[in-house]
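Engineer:
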Amino acid sequence: MGKTARHLRPLAALLGAALALSTTACGGATDASTAAEAVDISGSISGQTINYWSMWKDGEPQQKVIAAAIADFEKETGATVSVQWQGRSNTEKLVPALNTNNVPDLVDGTFAKLAPVIGETGQASPLTSVYSYEVDGKAVSSVIPEKFTSNGVFKGEDGQPWMVPYSVSSDGIWFDAAKHPELKANPPATWDEFIEVLDTLKAGGSAPIAADGDIAGYNSTWFVTALLRLKGAGSFKALVEDKSGEGWDDPAVLEAARKVETLVKGGYLNSGYNASKFPAQQQLWANGDAALILNGSWTPTETGSYAAPGFEYSSFQFPAMGDKPASARVDFIGFAVPAKSKSQVPAQRLAAFMLSSKYQNALGTEAKVLPVRPDAPVAPAVESVKAAIDAAPATHLQNDGVTFPGFMEKVFFPKDDELFLGKTSADEFIGKMKTAQIQYWKDNS
Amino acid sequence: MTLHLTEPRTDGAPVTSPESRKPVPRKSRRGSRPGGSSIDVQRKKLLIPFVGPAFVLYTVLFIVPALGAVWISLHKWAGSGPMKFVGLDNYGRIFRDQLFLSSFGNTLLLLFVVGTAIFVLAFALTLVLRDMAGKKIARNVIFFPHLINALVFGVLAGFIFNPGGMVNSLLAPLGVTDPPKWLAQDNIFPLIMVTLVCTTTGYFTTILMAGVDRIPPYYYEDCALAGASAFQRLRYVILPLTWDVFGTCAVLWTISSVKIFEIVWVFGGSSGAGVPPTQSWTAAVYTYVNAFSGQSTPAYGAATASAVLSLALISVLVVLLRRAMRRDAVEF
């Protein structure tokens with residue numbers, strides 16, 4: 000025993016030292032949600048430096064446009080931008096960084112990824128000054144369409160916007176206009192017309208709709224969009240927020256589920272959609288083996304390398320139902336500035352700088368994505384999507400902006416998959432969702 | 000044990016004698032030199048410089064984060080911003096969560112069902128490979144799958160099992176017009192189990208072979224003379240003489256099986272572009288989705304609670320396994 004004790008003493012001393020070391024090294028979570036104020040960003044920023052963690056990787060088309068903008072920004076303002084082209088995982092890396100005092104000054108990402116980690120946790124600076132800053136002689140707020148901001152998606156708890164979008168993505172039902180000119184000339188506007196189109200395609204011997212059924216996010220677009228068509232933008236979020244779960248008894252919700260069921264039972268989906276692995280089905284579609292696919296505005300870029308020769312991308316919007324004005328899906332890609340950043344002014348200035356028409360045009364024509372400014376030109380493949388966004392009276396986010404912890408992944412996706420993959424009926428789906436949602440809110444409130 | 004063997008014996012007793020372990024002779028020395036023998040003193044002096052750095056690193060990198068995880072699991076926290084203390088709520092919640100229970104069930108399936116299959120196959124292969132011509136090549140071939148990144152299997156699964164994939168193309172000429180839906184959500188986990196058996200068996204076979212190769216050939220000659228069957232040879236020679244190797248392998252598998260994540264992640268959910276179907280989740284996937292799915296507000300409290308439970312599971316299983324496998328190693 001004596002021997003053990005003598006060995007233990009130095010070990011205990013070591014343990015103490017190690018603990019002391021590690022506590023000073025890790026710091027621990029500090030409360031950073033101090034209400035930050037909007038700052039004046041008009042002054043000179045010459046000689047200042049910012050750290051920017053980008054969602055793009057070196058060599059991506061968007062990265063080239065942003066890199067060019069940064070070069071111009073440095074020349075014009077005298078500020079220095081130190082960029083890390085981190086790729087899509089930048090938001091995951093941001094989470095631990097936010098607990099330290101060593102945060103990036105500027106990050107970008109999709110709204111869906113930035114909102115949970117920085118927007119809704121009160122970790123972002125208010126960017127009100129960016130919206131009033133002038134680019135090309137116009138305030139930033141006037142070059143971003145009002146319908147993008149009017150529903151207040153970018154506003155944090157303090158009522159001030161925390162995100163400035165520079166690009167958007169959307170969705171549509173895509174087809175090859177070279178093979179189906181009739182769809183381009185006369186796209187189905189209502190659900191009934193859509194079903195007619197599907198019947199015609201089916202009678203013609205080709206599979207009407209391709210779908211990568213292993214991606215829950217794609218599957219859910221059918222039900223969620225149908226519901227938004229029936230009840231308007233924001234109705235899915237309202238349905239999910241309802242702690243009593245009674246919203247699921249609404250006949251319109253059942254109606255939306257029935258529409259999905261119609262597609263499944265009617266045999267309109269390409270056989271094998273429920274047992275394949277992405278991107279098998281979108282490859283089939285791009286090869287011309289199926290006529291339609293409901294997918295994002297990135298579809299032309301993503302399938303361009305394997306599309307059949309002469310493929311001409313075009314799309315129409317998810318058909319309207321009832322008399323509600325159909326909203327267009329618009330997901331945002333943009334900048335946020337962590338509240339702890341010590342270089343607020345140059346970071347916010349760079350966010351505003353990306354809204355200059357020069358770089359917005361480059362995003363449309365060179366990177367071939369949808370710029371946030373409606374006056375920027377876009378590539379021919381996504382013209383149909385841009386036209387739909389321009390014409391839509393309102394917009395909605397993917398999954399209607401639902402980000403409650405684990406709700407989509409653990410509650411909605413599994414049950415919606417069952418509906419879309421033909422394992423449950425619309426009525427069973429409604430019943431299961433109601434029960435699961437009540438349980439979810441019991442556990443999470 | 001080994002420490003005693005290296006100590007100088009002043010009483011001249013044989014090393015193996017239990018008497019030598021009595022501290023009697025040393026007691027007399029201790030009176031004159033309180034630090035024990037000079038080797039003892041040296042050893043103590045070297046303890047801190049030798050053990051210290053490893054100990055500090057281990058504490059900082061493993062023990063402190065593990066304690067931190069326990070601390071986080073008592074909170075509701077989105078990864079940054081304010082933490083709300085909720086006590087053991089996260090644990091209660093995940094135990095009520097059907098999804099956690101089914102994910103945990105999958106982890107146990109991997110641990111026990113896949114584990115049993117792996118070791119039965121590994122022992123069978125060991126027996127076959129021992130007498131086989133060209134066994135070195137065969138050994139390398141069966142070890143090879145273990146070197147390949149799980150991502151490759153995830154992508155290959157698409158090529159092989161898609162509706163228009165290799166398997167169905169091979170089945171078509173055989174008259175199978177309505178092949179099973181290989182990649183349907185319910186079939187993904189069984190496929191993952193089969194894949195794991197295929198990729199991991201070679202690894203453990205290699206380790207077991209190393210143990211079997213140590214067995215001196217005269218035991219086998221003895222067996223042959225005594226007319227022992229192959230099974231008897233396994234039962235009375237190979238198993239007892241490789242028991243410690245087998246025990247280590249079992250612990251290794253227990254630890255790695257509870258952490259299995261990437262193959263599930265890439266098999267379903269389109270090679271990582273989405274979240275895999277919940278039917279194929281393991282406890283590790285459940286943990287990851289709660290914290291990092293990127294599709295909703297992170298729930299670090301629930302994620303760490305599930306990670307802490309997994310750690311507890313591993314610890315309990317390893318201790319039980321060590322106890323169950325405890326035998327005196329046979330010296331040969």
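Order-wise, the sequence lines are chains A and B. When you line the first sequence up against numbering that gives the first Met the number 0, it's residues 0 to 444, in that order. When you line the second sequence up against numbering that gives the first Met the number 0, it's residues 0 to 331, in that order. Glycine included, C-beta positions come from ideal geometry on N, C-alpha and C.
Mind checking the stretch 312 to 336 of chain A against chain B and listing, in chain order, the residues whose C-beta falls within less than 7 Å of any C-beta there?
Structural biologist: Of all residues in the stretch 312 to 336 of chain A, none has a Cβ within less than 7 Å of some Cβ in chain B.
Engineer: Hey, is the stretch 114 to 126 of chain A in contact with the stretch 62 to 81 of chain A, meaning 3+ C-beta pairs nearer than 8 Å?
Structural biologist: No, the stretch 114 to 126 of chain A is not in contact with the stretch 62 to 81 of chain A.
Engineer: Roughly how far, in whole angstroms, is the beta-carbon of L182 (chain A) from the beta-carbon of F315 (chain A), given that I think they are within contact range, below 8 Å?
Structural biologist: So it is a contact: roughly 7 Å between Cβ atoms.
Engineer: In the DSSP output, what is R328 (chain A) paired with across the bridge?
Structural biologist: Answer is A:H395.
Engineer: Can you name the start and end residues of the beta strand (DSSP E) that Y51 (chain A) belongs to?
Structural biologist: Y51 (chain A) -> beta strand (DSSP E) spans T48 to S53.
Engineer: Can you grab the Cα-Cα spacing for the pair D10 (chain B) / E330 (chain B), in whole Å?
Structural biologist: Any reading at D10 (chain B) needs caution, since the residue's pLDDT is 46, under 50, leaving its predicted position unreliable; the model's value is listed next. Spanning the two alpha carbons is a distance of roughly 27 Å.
Engineer: Buried or exposed: which applies to N105 (chain B), given that a residue is buried once 16 or more other Cβ atoms fall within 10 Å of its Cβ?
Structural biologist: Buried, because 16 or more other Cβ atoms sit within 10 Å of the Cβ of N105 (chain B).
Engineer: Establish whether the CB of I214 (chain A) and some CB of chain B are separated by less than 8 Å.
Structural biologist: So yes, I214 (chain A) belongs to the interface.
Engineer: Do you know how far the Cα of H74 (chain B) is from the Cα of F84 (chain B)?
Structural biologist: Each residue's Cα considered, the two are about 4 Å apart.
Engineer: Which residue comes first and which comes last in the beta strand (DSSP E) that contains V163 (chain A)?
Structural biologist: Counting along the chain, the beta strand (DSSP E) containing V163 (chain A) begins and ends at V163 to S168.
Engineer: Put K21 (chain B) into one of helix, strand or coil per three-state DSSP.
Structural biologist: Because K21 (chain B) carries a pLDDT of 45, less than 50, the predicted location of this residue cannot be relied on, and the following value inherits that uncertainty. The answer is coil: DSSP assigns K21 (chain B) none of H, G, I, E or B.
Engineer: Counting only Cβ pairs nearer than 7 Å, list the residues of chain A close to W181 (chain B).
Structural biologist: Ordered by position in chain A, the residues that pass the 7 Å Cβ test against W181 (chain B) are A274.
Engineer: Per the DSSP calculation, A138 (chain A) is bridged to which residue(s)?
Structural biologist: Its beta-bridge partners are A:E133.
Engineer: Quick one, which of A:T298, A:T394 and A:T423 has its alpha-carbon nearest K146 (chain A)'s?
Structural biologist: Of the listed residues, the one whose Cα sits closest to K146 (chain A) is A:T394.
Engineer: Does the separation of the CB atoms of F334 (chain A) and L97 (chain A) fall below 8 Å?
Structural biologist: No, the Cβ-Cβ distance between F334 (chain A) and L97 (chain A) is not below 8 Å.
Engineer: Could you tell me whether any Cβ in chain B is nearer than 8 Å to the Cβ of L420 (chain A)?
Structural biologist: It does; some Cβ of chain B falls within 8 Å.
Engineer: Cβ closer than 8 Å: which chain A residues qualify as neighbours of S305 (chain B)?
Structural biologist: Chain A residues near S305 (chain B): none, gap ~11 Å exceeds 8 Å.
Engineer: Taking the CB atoms as reference points, tell me whether V250 (chain B) and L312 (chain B) lie closer together than 8 Å.
Structural biologist: No, they are not a contact pair.
Engineer: Do S295 (chain B) and P207 (chain A) have their beta-carbon atoms positioned less than 8 Å apart in this structure?
Structural biologist: The answer is no: Cβ separation not under 8 Å.
Engineer: Which one or two residues does DSSP pair with N294 (chain A) in a beta bridge?
Structural biologist: According to DSSP, N294 (chain A) bridges with A:G171.
Engineer: From the beta carbon of S27 (chain B), is the nearest beta carbon of chain A less than 8 Å away?
Structural biologist: Model confidence at S27 (chain B) stands at a pLDDT of 45, short of 50, so the residue's coordinates are unreliable; what they give is reported in the following sentence. No, S27 (chain B) lies away from the interface with chain A (no Cβ there is under 8 Å from its Cβ).
Engineer: List the residues of chain A whose Cβ lies closer than 7 Å to the Cβ of S295 (chain B), in chain order.
Structural biologist: Correct list: P115, T402, F403, P404, G405, F406, M407 and E408.
Engineer: Note down, in chain order, every chain B residue with its Cβ under 8 Å from the Cβ of Q122 (chain A).
Structural biologist: Residues of chain B passing the Cβ test: S79 and G80.
Engineer: Between L53 (chain B) and L98 (chain B), what straight-line distance do the alpha-carbon atoms span, to the nearest angstrom?
Structural biologist: According to the sequence provided, residue 53 (chain B) is Ala. The question's Leu does not apply to it. Approximately 39 Å, taken between the alpha carbons.
Engineer: Give the residues from the stretch 262 to 291 of chain B that approach chain A closer than 9 Å (Cβ to any Cβ), ordered along the chain.
Structural biologist: The stretch 262 to 291 of chain B vs chain A, Cβ under 9 Å: F266, G267, G268, S269, S270, A272, G273, V274, P275, P276, T277, Q278, Y285, V288, N289, A290 and F291.
Engineer: Would you call S340 (chain A) buried or exposed, if buried means 16 or more other Cβ atoms sit within 10 Å of its Cβ?
Structural biologist: With 16 or more Cβ atoms within 10 Å of its Cβ, S340 (chain A) is classed as buried.
Engineer: Within 10 angstroms of the Cβ of A323 (chain B), are there 16 or more other Cβ atoms? Answer buried if so, exposed if not.
Structural biologist: When all chains shown are included, A323 (chain B) counts as exposed.
Engineer: Using 8 Å as the threshold, is the C-beta distance between T286 (chain B) and A302 (chain B) below it?
Structural biologist: Contact flag set, yes.
Engineer: Where does Q231 (chain B) land, buried or exposed, given buried means 16+ other C-beta within 10 angstroms?
Structural biologist: It counts as exposed.
Engineer: Give me, in chain order, the residues of the same chain whose beta-carbon lies closer than 6 Å to that of A290 (chain B); leave out the 5 immediate sequence neighbours on both sides.
Structural biologist: Closer than 6 Å at Cβ, skipping near neighbours: P297, Y299 and A302.
Engineer: Considering only C-alpha positions, which residue in the set A:T109, A:Q436 and A:V401 is nearest to S234 (chain A)?
Structural biologist: Nearest C-alpha to S234 (chain A): A:V401.
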